[in-house]
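Novice: The opening position of the sequence shown corresponds to residue 166 in this note's numbering, with each subsequent residue numbered one higher.
Here a beta-carbon is modelled for each residue, glycine too, at the ideal position from N, C-alpha and C.
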Amino acid sequence: MNRERYLQEIDAVNAAGKYHPTWESLSTHPVPDWYREKRLGIFLHWGVFSVPAYHDWYARNMYIKGSPEYEYHCQHYGQPKDFGFKDFIPQFKMEAFDPQAWVKLFREAGADYIVPVAEHHDGFQNYRSELSHWNAAEMGPHRDIMGDLLVEAERAGMTLGASSHRVEHWWFLGHGQEFDSDIKQPMHLGDYAWPAMPERENQDLFSEPMPTDEFLTDWLLRCCEIVDRYHPRILYFDWWIQHSAVKPYLQRFAAYYFNVMESRGGCVINYKHDAFPFGIGVPDIERGQFAEAKPFLWQSDTSVMRGSWCYSVQPDKAVYKAPQEIVQDLLDVVSKNGRLLLNFGPKPDGTLADKDIEILHKLADWMRVNDECIHGTGLWRINQEGPTKIQEGQFADGASRNFTSEDFRFTCRGGNIYAACMACPADGKLHIRSLREADASHLPLWHGIVRKVEVLGNPAQAAWTRDGEALHVDLGTYRSDMPVVVKIITD
Numbered sequence: 166m167n168r169e170r171y172l173q174e175i176d177a178v179n180a181a182g183k184y185h186p187t188w189e190s191l192s193t194h195p196v197p198d199w200y201r202e203k204r205l206g207i208f209l210h211w212g213v214f215s216v217p218a219y220h221d222w223y224a225r226n227m228y229i230k231g232s233p234e235y236e237y238h239c240q241h242y243g244q245p246k247d248f249g250f251k252d253f254i255p256q257f258k259m260e261a262f263d264p265q266a267w268v269k270l271f272r273e274a275g276a277d278y279i280v281p282v283a284e285h286h287d288g289f290q291n292y293r294s295e296l297s298h299w300n301a302a303e304m305g306p307h308r309d310i311m312g313d314l315l316v317e318a319e320r321a322g323m324t325l326g327a328s329s330h331r332v333e334h335w336w337f338l339g340h341g342q343e344f345d346s347d348i349k350q351p352m353h354l355g356d357y358a359w360p361a362m363p364e365r366e367n368q369d370l371f372s373e374p375m376p377t378d379e380f381l382t383d384w385l386l387r388c389c390e391i392v393d394r395y396h397p398r399i400l401y402f403d404w405w406i407q408h409s410a411v412k413p414y415l416q417r418f419a420a421y422y423f424n425v426m427e428s429r430g431g432c433v434i435n436y437k438h439d440a441f442p443f444g445i446g447v448p449d450i451e452r453g454q455f456a457e458a459k460p461f462l463w464q465s466d467t468s469v470m471r472g473s474w475c476y477s478v479q480p481d482k483a484v485y486k487a488p489q490e491i492v493q494d495l496l497d498v499v500s501k502n503g504r505l506l507l508n509f510g511p512k513p514d515g516t517l518a519d520k521d522i523e524i525l526h527k528l529a530d531w532m533r534v535n536d537e538c539i540h541g542t543g544l545w546r547i548n549q550e551g552p553t554k555i556q557e558g559q560f561a562d563g564a565s566r567n568f569t570s571e572d573f574r575f576t577c578r579g580g581n582i583y584a585a586c587m588a589c590p591a592d593g594k595l596h597i598r599s600l601r602e603a604d605a606s607h608l609p610l611w612h613g614i615v616r617k618v619e620v621l622g623n624p625a626q627a628a629w630t631r632d633g634e635a636l637h638v639d640l641g642t643y644r645s646d647m648p649v650v651v652k653i654i655t656d
């Protein structure tokens, strides 16, 4: 690829387009209406890191002497000077990859958008690229795995996305230069480990050494290539794009993306750490959520495993969440005007782990009954009641939240209210206090009429009463190990 010519084309599009590389111009780009309808997305951390099956930061940590990953690597593969991270690439074959089968599972689980990792911090591209030979079409699988997956997802009606984690590659392999390893100078643009800079305070907005124009130009071109080749309607950025040196390139990319996708129904950027001024794109919270409902759209991304984003066989990493907890997360996020991006880590042979498939099947079973409380819903006047409090912020999913039968999450649709009981009570008795008979002459309490109550998934007519304490619903003999949804038909 002629890089200089591509840069000129990017700048020409921005000069002639509706959006220009300034925050003022970019702030006029609206979140498309179609995004407002999204509720559940599938995130896929696939890549070379699935071969050692440790976790997604293995490429960095295996070059830190004394780390558990370094010791593990030396024991199983030898010294990094003899067998480096790049030497895993031939084993990343994806020979059993069946994108159609994957998409079928995702759709049955209720997912309506998909965000595969295009490139992670390690620098290997999971798509066909003209900017680097270190990509899945030329090495490893020898197949454009992202392109093939997106084709099948589009056929199935899913909204297409992609994620870029490339900017952290600036320092991600830098520890490999601290001792005799396969990462050594001289390195140049196009080399796999380049630039492998020293890692400093990498969350600092002004940390040095700052990314160079050469590196950031390459980052810009890679992002634009993803847009031009696959036209993803959602582009997710991981952290560190908030670094001050990245901002001018971030503006150029966002303008290009918005302009290119303007005639294709628009697009959305997901970002973290206030990398964009508020109002441009959709903020994302990694492994966490807001404590209360928000008037703006947002996203929570989390993984089905607590200790890894990618496929792992390590006992302390491959700790799976229960399907019940995942549905609880979905209900909590949706009730607060959010979307849940749920991650799975495929195996290096292109299959999904048995536990992943089990979770998808459980989600499908629950969604088949309760989808109407998720998709097409909006915020109710309150979003929650109950004793269990959500810790607001990132990395808050290290342990189950232990919801009780007194915890509810609310959505509404078509004049109906949906109250999801986060944990089915052993005695089958629900008490929804926010729907009690109330005097609303002075306090802003709900004062509507309840005409009928249904328990989704229970064919029997629900027995219910309403008084000054609560709306009381008797489940009869119906029980579930998953959240139970009550549909309240109002007048």
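So what's Lys594 in DSSP terms, helix, strand or just coil?
Specialist: Position 429 of the sequence shown, counted from the first residue, corresponds to residue 594. Here Lys594 sits in strand by DSSP.
Novice: Hey, quick one: how far does the beta strand (DSSP E) through Asn424 stretch, first residue to last?
Specialist: Residue 424 sits at position 259 when you count from the first residue of the sequence shown. From DSSP, Asn424 is part of no beta strand (DSSP E) but of the alpha helix (DSSP H) over 412-426.
Novice: Does the segment 308-320 touch the segment 350-365, meaning 3 or more C-beta pairs lie closer than 8 Å?
Specialist: no
Novice: Looking at the secondary structure, which residues open and close the beta strand (DSSP E) in which Gly633 lies?
Specialist: Counting from one through the sequence shown, the residue named residue 633 turns up at place 468. Here Gly633 belongs to no beta strand (DSSP E), and DSSP marks it neither H nor E.
Novice: Kindly list the residues whose CB is nearer than 8 Å to the CB of His396, restricted to its own chain and excluding five residues on each side of it in sequence; keep chain order.
Specialist: Taking the sequence shown and counting its residues from 1, one reaches residue 396 at position 231. Cβ within range, chain order: Leu325, Val425, Met426, Arg429.
Novice: Just list the alpha helix (DSSP H) runs in the segment 285-328, keeping only unbroken ones of 4 residues or longer that don't cross its boundaries, in chain order.
Specialist: 310-320
Novice: Assuming Ala276 and Met323 are in contact, meaning their beta carbons sit under 8 Å apart, how far apart are those beta carbons, in whole angstroms?
Specialist: Position 111 of the sequence shown, counted from the first residue, corresponds to residue 276. Position 158 of the sequence shown, counted from the first residue, corresponds to residue 323. Confirmed, Cβ separation roughly 7 Å.
Novice: For my contact list, Arg387 and Leu296 are in at a C-beta cut-off of 8 Å; report their separation, rounded to the angstrom.
Specialist: For this step, residue 387 is matched to residue 222 along the sequence shown. For this step, residue 296 is matched to residue 131 along the sequence shown. Their Cβ separation, rounded to whole angstroms, is 6 Å, which keeps Arg387 and Leu296 in contact under 8 Å.
Novice: Could you check how far apart the C-beta atoms of Val499 and Thr576 are, in whole angstroms? I think they sit under 8 Å.
Specialist: Here residue 499 refers to the residue found at position 334 when the sequence shown is read from its first residue. Here residue 576 refers to the residue found at position 411 when the sequence shown is read from its first residue. Confirmed, about 6 Å.
Novice: Would you check if the distance between the CB atom of Ile450 and the CB atom of Gln559 is smaller than 7 Å?
Specialist: On the sequence shown, residue 450 is found 285 positions in, with the first residue counted as 1. On the sequence shown, residue 559 is found 394 positions in, with the first residue counted as 1. In contact: Ile450 and Gln559 (Cβ atoms closer than 7 Å).
Novice: Quick check on DSSP: helix, strand or coil for Asp519?
Specialist: On the sequence shown, residue 519 is found 354 positions in, with the first residue counted as 1. Looking at Asp519 - three-state DSSP - the assignment turns out to be helix.
Novice: Check this for me: beta carbons of Phe257 and Pro511, under 7 Å apart or not?
Specialist: In the sequence shown, the residue the question calls residue 257 occupies position 92. In the sequence shown, the residue the question calls residue 511 occupies position 346. Contact: no.
Novice: Which residues does DSSP pair with Tyr278 in a beta bridge?
Specialist: As a first step, residue 278 must be located in the sequence shown, where it is residue number 113. Answer is Gly206, Thr324.
Novice: I need the DSSP call for Arg601, collapsed to helix, strand or coil.
Specialist: Numbered from 1 along the sequence shown, position 436 holds the residue referred to as residue 601. DSSP places Arg601 in coil when its eight states are reduced to three.
Novice: Pull the bridge partners of Phe509 from the DSSP assignment, please.
Specialist: Start at 1 with the first residue of the sequence shown, and residue 509 comes out as number 344. Note: Phe509 sits in a beta bridge opposite Leu209.
Novice: By a C-beta neighbour count over all protein chains shown, 10 Å radius and 16 as the cutoff for buried, is His612 buried or exposed?
Specialist: Residue numbering aside, residue 612 sits at position 447 when the sequence shown is read from its first letter. By the 10 Å Cβ count, His612 comes out exposed.
Novice: Run through the DSSP bridge pairs and tell me what Val433 is partnered with.
Specialist: As a first step, residue 433 must be located in the sequence shown, where it is residue number 268. Bridge partners of Val433: Ile399.
Novice: Look at the alpha carbon of Asp247 and the alpha carbon of Tyr228, and state the distance between them as a whole number of angstroms.
Specialist: Here residue 247 is taken as the residue at index 82 of the sequence shown, counted from 1. Here residue 228 is taken as the residue at index 63 of the sequence shown, counted from 1. So the alpha carbons of these two residues sit roughly 12 Å apart.
Novice: Since Val620 is in the beta strand (DSSP E), which residue starts that stretch and which ends it?
Specialist: For this step, residue 620 is matched to residue 455 along the sequence shown. 615-620 is the extent of the beta strand (DSSP E) around Val620.
Novice: Taking Cβ to Cβ, would you say Asp287 is nearer than 7 Å to Ala218?
Specialist: Working through the sequence shown from its first residue, we reach residue 287 at position 122. Working through the sequence shown from its first residue, we reach residue 218 at position 53. No, they are not a contact pair.
Novice: Judging by CA-CA distance, which residue of Phe289, Tyr242, Asp221, Ser294 is the nearest neighbour of Asn167?
Specialist: Translated into positions along the sequence shown, residue 167 becomes position 2. Across the set Phe289, Tyr242, Asp221, Ser294, the C-alpha of Ser294 shows the shortest separation from the C-alpha of Asn167.
Novice: Secondary structure at Val268, three-state DSSP: helix, strand or coil?
Specialist: Within the sequence shown, the letter at position 103 stands for residue 268. Here Val268 sits in helix by DSSP.
Novice: Assign Gln368 to one of three DSSP states: helix, strand, or coil.
Specialist: What you label residue 368 is simply residue 203 of the sequence shown in a count that begins at 1. Here Gln368 sits in coil by DSSP.
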